[in-house]
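Below: the structure, in structure tokens.
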Amino acid sequence: MTLAPNRRFILKALGAAGLISLSPSGPLRADGMMPMRAIRQFPLGAMTVTIIDDGSFSMGVGMFAANAGKTAAGDLLASYGLSPTVAEMPLQVMLVETQGVRVLIDTGMGDITFHGNAPDNGRLVRSLQTLGLGPSDIDIVLLTHGHPDHVGGLTAQGEQVFANADHHLPEIELAFWTQSPDRAPAALREMIIECRRHLLPVAHRLRSYDDGTEIAPGITTIAAPGHTHGHHAIMLESDGRQLLHLVDTAVHFITGLERPDWTVGADIDKPKAIETRRRLLARAADEQLLIAGYHFPFPGVGRIMRMGDAYRYVPVPLV
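Note that the numbering used here has the sequence shown beginning at 1427, numbered continuously upward.
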């Protein structure tokens, strides 16, 4: 497989805080037409939900326990037989077809590859083609927040990918992630540069939304601030069936649930992120909701079970 030129960025944990830092490190990029990796489609009432594996990246596990001991996250993950140092972070893009409207929830990483990772991203367009769809067949692009691994697929070589779609992103997210990098906190400047590259070409067509906005029939936004200022979860409802898309409310499927009070380095407002995480996990468990997680192992759909004061993610068969 031949890889076209790509932007490559550095992602690293900074001490116990596990802050994200992004900076340019070369001109190479993954081909936006990489082969699809995995697709899972299932009905939710009258809706059709499709999970597309856009790829993955790896990162240090210290990111998931910024307020705990240096080995806390590693010790927990090792108890499950996982690496105590590096976590694999899948990217699950969701396509929802509801009453003749195709809604894409987030767009994956597009042409972004984090430093230290082999190119394993930008699979969305090829995956859509496998479904018999092209970018022009998407009616709505619903962006849950402005992080690069969610907006990277918006553009390719500076051009809009989903040219026929209405695009939705909270105004506070657009303002924050397209601000002048010189005015941003130092740790976020390179990330903002990359976000601007993908968001500014579509900024003129972005529609804002807030808590409780119905984006399309049965697709409603739920304010979930903390990960970013305007981060939202998404509720799908059809014919009495529901699915709560947590997005990045819990970034890791083990640490985020079993230790919901651990702070995540990438969360902008850490106390608020903990409050949001506990609120939505409690709702999911108490209402026995089907849930999805953007970075959970493919296809990232299951249920949340109470485990004392914490929670556990349980994958479920999709039939």
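The beta carbon of each residue, even a glycine, is placed where N, CA and C say it ideally should be.
Treat the numbers as computed from the prediction; the structure is a model and nothing was measured.
{"Check": "In the DSSP assignment, the beta strand (DSSP E) including Thr1647 goes from what residue to what residue?", "Outcome": "Ile1645 to Ala1649"}
{"Check": "Are Asn1543 and Ser1484 closer than 8 Å when you measure CB to CB?", "Outcome": "yes"}
{"Check": "Hey, could you find the ends of the beta strand (DSSP E) Phe1540 is sitting in?", "Outcome": "Ile1538 to Phe1540"}
{"Check": "Classify Leu1716 as helix, strand or coil using the three-state DSSP reduction.", "Outcome": "strand"}
{"Check": "Using the rule of at least 16 other Cβ atoms within 10 Å of the residue's Cβ for burial, across every protein chain shown, is Tyr1739 buried or exposed?", "Outcome": "buried"}
{"Check": "For Asp1637, collect the residues of the same chain with a Cβ closer than 8 Å to its Cβ; drop the 5 residues on either side in sequence, then sort them by chain order.", "Outcome": "Thr1647, Ile1648, Ala1649 and His1658"}
{"Check": "Out of Ala1676, Pro1651 and Ala1736, which one is the CA nearest neighbour of Met1489?", "Outcome": "Ala1676"}
{"Check": "What is the rounded straight-line gap between the Cα of Leu1503 and the Cα of Ile1538?", "Outcome": "27 Å"}
{"Check": "With DSSP as the reference, identify every bridge partner of Pro1516, one or two as the case may be.", "Outcome": "Ser1482"}
{"Check": "Can you name, in chain order, every residue of its own chain whose Cβ lies under 7 Å from the Cβ of Pro1743, other than the five neighbours on each side?", "Outcome": "none"}
{"Check": "What are the boundary residues of the beta strand (DSSP E) that includes Gln1467?", "Outcome": "Ile1465 to Leu1470"}
{"Check": "Is the stretch 1567 to 1583 in contact with the stretch 1524 to 1533, if contact means three or more CB pairs nearer than 8 Å?", "Outcome": "yes"}
{"Check": "Are there three or more Cβ pairs, one per stretch, closer than 8 Å when the stretch 1469 to 1483 is compared with the stretch 1503 to 1520?", "Outcome": "yes"}
{"Check": "What first and last residue would you give for the beta strand (DSSP E) that runs through Asp1592?", "Outcome": "Asp1592 to His1594"}
{"Check": "Alpha carbon to alpha carbon, how far is Thr1556 from Met1462?", "Outcome": "8 Å"}
{"Check": "Have a look at Ala1499, Asp1592 and Arg1615 and flag the residue whose alpha-carbon is nearest the alpha-carbon of Trp1603.", "Outcome": "Arg1615"}
{"Check": "State the CB to CB distance for the pair Pro1607 and Ile1618, rounded to an integer number of angstroms; the pair is presumed to be in contact (CB under 8 Å).", "Outcome": "5 Å"}
{"Check": "Where do the ends of the beta strand (DSSP E) carrying His1658 lie?", "Outcome": "His1658 to Ser1664"}
{"Check": "Between Phe1679 and the rest of its own chain, which residues show a CB-CB distance below 7 Å, the 5 nearest in sequence each way excluded?", "Outcome": "Gly1719, Phe1722, Pro1723 and Tyr1739"}
{"Check": "Checking 8 Å against the spacing of the C-beta atoms, do His1653 and Asp1687 come in under that value?", "Outcome": "no"}
{"Check": "Is the beta carbon of His1594 closer than 8 Å to that of Ile1564?", "Outcome": "no"}
{"Check": "If you draw a straight line from the alpha carbon of Lys1698 to that of Glu1684, how long is it in whole angstroms?", "Outcome": "18 Å"}
{"Check": "In three-state DSSP terms, what is Pro1723?", "Outcome": "coil"}
{"Check": "Exposed or buried, Gly1734, counting other C-beta atoms within 10 Å across all chains shown (16 or more means buried)?", "Outcome": "exposed"}
{"Check": "Pick helix, strand or coil for His1678, following the three-state DSSP scheme.", "Outcome": "coil"}
{"Check": "Start and end of the alpha helix (DSSP H) containing Arg1615?", "Outcome": "Arg1615 to Leu1625"}
{"Check": "Are Ser1664 and Gly1526 touching if we call contact CB-CB under 8 Å?", "Outcome": "no"}
{"Check": "Between the C-alpha atoms of Met1731 and Tyr1737, what's the straight-line distance to the nearest angstrom?", "Outcome": "5 Å"}
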